[in-house]
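First to last, the sequence lines map onto chains A and B. Just so you know, the first sequence maps onto residues 1 to 128 in full-length UniProt numbering. Just so you know, the second sequence maps onto residues 1 to 128 in full-length UniProt numbering. Ideal placement from N, C-alpha and C gives every residue a C-beta, glycine not left out. Accompanying notes for the structure given below.
Protein chains: 2
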Amino acid sequence: MTDLRKTVERFWAAAESRDWTAFAETLAEDVVYTLPQTRERIAGRERYVEFNREYPGDWHLRTERIVAEPGQVVTWAHFTVGLEEMYAITFFTGEAGESGEGRITSITEFWPEPYEPPAGREHLSERY
Amino acid sequence: MTDLRKTVERFWAAAESRDWTAFAETLAEDVVYTLPQTRERIAGRERYVEFNREYPGDWHLRTERIVAEPGQVVTWAHFTVGLEEMYAITFFTGEAGESGEGRITSITEFWPEPYEPPAGREHLSERY
């Protein structure tokens, strides 16, 4: 288990419990958050904590899967907001441990939406 | 570097070069491919190879990022089809090596689409 993996576990636990002090402690001061789907970027710990603190809705999360190697972690997290369900795929990079404190230096996040399957592959796939 | 990581690198290289024999060799016979966004599932190596072989369009790919631990790998791959660009996030599980041949046993894939950012966070984010 890498240090960064533990940091990411603390990151999600702090988000779920709205403990913004603990949340901020997982982040490097110059952390950069990127949303490729909207081409948005938020630079710096203070702004990124604020973005999360202000995020509307009574959202709750659980991590479905986590894959970690030194300096890189990916999570697949399941979110609920009331009856709505969605998931986020999040790529983290960070200090690999040893020298640093294993804090998060970049976060790139995807929010895939449901869509209808294209025609022509029903002979191979089943719906669930 | 885990065996499964090498297998996943061969998987993408074989897909890009349409080498369906090499592609099939990366897969366990009972591999399951899941698309949570459409709730589709394709079971078995033969059907999954066929799905890829039949997939329309002159698509090309490069892997943007890969994160691996024993038995689990995630890739972020960038696809182009003519002028269209998209990306896929793919979670692989497989034989961890040692005993097995490091083949892929499950693939769960997400295709996030661009969307417009919600209003109210322009004070924190910049567009790129």
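Taking C-beta atoms as the reference points, arginine 5 of chain B and isoleucine 66 of chain B count as a pair closer than 8 Å. Three or more beta-carbon pairs separated by less than 8 Å are not found between the stretch 55-64 of chain A and the stretch 63-77 of chain B, which leaves the two stretches without contact. Arginine 45 of chain A counts as buried, since at least 16 other C-beta atoms from the protein chains shown sit within 10 angstroms of its C-beta. Rounded to whole angstroms, the gap between the alpha carbons of glutamate 84 of chain A and tyrosine 115 of chain A is 15 Å. For the 8 Å CB-CB criterion, threonine 108 of chain A and threonine 34 of chain A form a contact.
Cβ-Cβ separation between phenylalanine 91 of chain B and tryptophan 76 of chain A: approximately 7 Å, consistent with a contact (criterion under 8 Å). By alpha-carbon distance to proline 112 of chain A, the top candidate from B:Thr38, B:Ala24, B:Ala22 and B:Asp30 is B:Thr38.
Tyrosine 55 of chain B sits away from leucine 27 of chain B, with the two beta carbons spaced by 8 Å or more. Under the 8 Å criterion on CB atoms, valine 31 of chain B is classed as non-interfacial with respect to chain A.
Within chain A, Phe91 have C-beta atoms less than 7 Å from the C-beta of tryptophan 76 of chain B, given in sequence order.
Taken in chain order, the whole alpha helix (DSSP H) runs of length 4 or more contained in the stretch 22-86 of chain A are 45-54. Counting along the chain, glutamate 109 of chain B sits inside no alpha helix (DSSP H); it lies in the beta strand (DSSP E) bounded by residues 104-110. For the stretch 31-63 of chain B, the beta-carbon criterion of a distance under 9 Å to any beta-carbon of chain A is satisfied by Tyr33, Thr34, Leu35, Pro36, Gln37, Thr38, Arg39, Glu40, Arg41, Ile42, Ala43, Arg47, Tyr48, Glu50, Phe51, Glu54, Tyr55 and Pro56.
Setting aside the 5 residues that flank it on each side, threonine 80 of chain B is surrounded in the same chain by His60, each with a C-beta closer than 6 Å to its C-beta; the list follows chain order. Taken in chain order, the members of the stretch 109-126 of chain B whose beta-carbon sits within less than 9 Å of a beta-carbon on chain A are Phe110, Trp111, Pro112, Glu113, Pro114, Tyr115, Glu116, Pro117, Pro118, Gly120, Arg121, His123, Leu124, Ser125 and Glu126. Under the Cβ distance rule, arginine 103 of chain B does not count among the residues neighbouring chain A, no pair being separated by less than 8 Å. The beta carbon of phenylalanine 23 of chain A sits closer than 8 Å to those of Phe11, Ala14, Ala15, Val49 and Asn52, all from its chain and outside the five residues before and after it, given in chain order. Against chain A, a Cβ distance below 7 Å from arginine 65 of chain B picks out Phe91. In the displayed model, arginine 127 of chain B falls within a strand according to three-state DSSP.
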